[in-house]
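**Q**
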Amino acid sequence: MKRTFLICLVAFFVLSSQVYAYWIWTPETRKWLNPKYSVKETPKAQLEFAKGFLDQGQYKKANNEFQKLINYYPKAAEAAEAQYYMGESLEKLGEPYQAFKAFQKVIDKYPFSERITEIIEREFKIGEMLLEQKTGFWQHLSGYEYPVVEVFRAVIENAPYSKFAPASYYNIGLFLKELGGFPEAKVEFDKIVTEYPQSEWVDKAKYQIALCEYKASLKPDYDQTNSKSATEKFEEILKSNPDTELSQKAKATVSELKNKDAESNFIIAKYYEKRKLIDSAKIYYRYIIENYPDNKWAAKAQERLYIIEKK
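Residue numbers for the sequence shown follow this note's numbering, beginning at 404 and rising by one.
The following block contains the structure:
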């Protein structure tokens, strides 16, 4: 019993000395303070202290010190700067989505910050980086369904009349198209054409709109409406921009679309022919010959039409 008491007593003094080692009495405040949680006497001093860690590459430590400044001096002018530098330190730590959230807080909480224009550009670049990564990885990391969309939507909302707004719509469209959401992607590209008609992104958006309709036409439930609409849009691009790289791509796609449409009509013609609906079959064979005279399906249609009329 006595031995147990002595052990407990020793343990008490050892632990007490360890605990009190983290606390310091300050005559100015007449309080015990833990240096680990203490903050500098002014927000300016705290900001410089935190930036020192950032400059040294101690990003986690810097992040903690910037957070302290915000907690202790929330209304100080330096708080906005601290919030900005938190975003920068998180970027350095390889946490782009969290960096975006930190940058966005500057816009939300400190709208008069001189960093707003710079932050919008940094958010846009974060969005571009996320766009290049695997969707599933960032979705798991952020907990947000589509963090790429969230970032670019924020850029648009923050600066709807900036050069980054149409570019953000374009990137959202690319992301949704990659997921197979062609109608949804088309909506985003349409916004560029209607809301930013003078933007440098308009021609690219028109091409992507046509491409979305083309991709939609390739689905198992082939839709001739999408195919024809896509063909018309690609041909418009060829007329308005005959010598551009986009036009070269459009030309190749138009050829593919016409071939697919001719094939589709040939299949329909064969269907009617097998069911002895000869007049209907002739209509489709003639349609192919008249509209796609240089296509391989035109030659096949001509052959079938010759056989039918010979009977």
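Every residue, glycine too, gets a C-beta built ideally from N, C-alpha and C.
1. Which one of Pro600, Leu496, Ala619 and Asp664 has the shortest CA to CA distance from leucine 735?
2. Based on Cα-Cα distance, which residue from Phe585, Glu581 and Glu521 lies nearest to serine 565?
3. Would you mind working out which of Phe469, Leu680 and Phe503 sits nearest isoleucine 519, comparing C-alpha positions?
4. Can you give the Cα-Cα distance for glutamine 449 and serine 492, rounded to whole angstroms?
5. With distances taken between CB atoms, is the gap from alanine 613 to phenylalanine 637 smaller than 8 Å?
6. Given this structure, state the Cα-to-Cα distance separating isoleucine 510 from asparagine 561, to the nearest angstrom.
7. Report, in whole angstroms, the separation of the C-beta atoms of alanine 608 and valine 596, which I expect to be a contact under 8 Å.
8. Which value, in whole angstroms, describes the spacing of the CA atoms of leucine 577 and alanine 588?
9. So tyrosine 610 and alanine 653 are in contact, right, with Cβ under 8 Å, and what is the actual spacing, rounded?
10. What residue range does the alpha helix (DSSP H) around alanine 684 cover?
11. Buried or exposed: which applies to proline 550, given that a residue is buried once 16 or more other Cβ atoms fall within 10 Å of its Cβ?
12. Quick check on the burial criterion: 16 or more other C-beta atoms within 10 angstroms. Buried or exposed for phenylalanine 527?
13. Is it true that the CB of alanine 665 sits closer than 8 Å to the CB of alanine 633?
14. Look at glutamate 659 and arginine 707 and say whether their C-beta atoms are less than 8 Å apart.
**A** By the coordinates alone:
1. Coverage of the chain is limited to positions 404 through 714, which leaves residue 735 absent and any answer about it impossible.
2. Within the sequence shown, the letter at position 162 stands for residue 565. Minimum Cα distance to serine 565 is reached at Glu521.
3. In the sequence shown, counting from the first residue as 1, residue 519 sits at position 116. With distances taken between Cα atoms, isoleucine 519 lies closest to Phe503.
4. In the sequence shown, the residue the question calls residue 449 occupies position 46. In the sequence shown, the residue the question calls residue 492 occupies position 89. Cα to Cα, glutamine 449 sits roughly 16 Å from serine 492.
5. As a first step, residue 613 must be located in the sequence shown, where it is residue number 210. As a first step, residue 637 must be located in the sequence shown, where it is residue number 234. Going by C-beta atoms, alanine 613 is nearer than 8 Å to phenylalanine 637.
6. Within the sequence shown, the letter at position 107 stands for residue 510. Within the sequence shown, the letter at position 158 stands for residue 561. About 8 Å.
7. What you label residue 608 is simply residue 205 of the sequence shown in a count that begins at 1. What you label residue 596 is simply residue 193 of the sequence shown in a count that begins at 1. Indeed, because the Cβ distance is near 5 Å, the residues count as touching under 8 Å.
8. Walking along the sequence shown from the start, residue 577 turns up at place 174. Walking along the sequence shown from the start, residue 588 turns up at place 185. Each residue's alpha carbon lies about 7 Å from the other.
9. Within the sequence shown, the letter at position 207 stands for residue 610. Within the sequence shown, the letter at position 250 stands for residue 653. About 7 Å separates the two Cβ atoms, so the contact holds.
10. Along the sequence shown, read from residue 1 onward, the residue named residue 684 stands at position 281. Element bounds for alanine 684: 681 to 694.
11. Numbered from 1 along the sequence shown, position 147 holds the residue referred to as residue 550. So proline 550 ends up on the buried side.
12. By 1-based counting over the sequence shown, the position of residue 527 is 124. That one is buried.
13. Taking the first residue of the sequence shown as 1, we reach residue 633 at position 230. Taking the first residue of the sequence shown as 1, we reach residue 665 at position 262. Taking 8 Å as the Cβ cut-off, alanine 633 and alanine 665 do not qualify as a contacting pair.
14. Position 256 of the sequence shown, counted from the first residue, corresponds to residue 659. Position 304 of the sequence shown, counted from the first residue, corresponds to residue 707. No, these two residues do not count as a Cβ contact at 8 Å.
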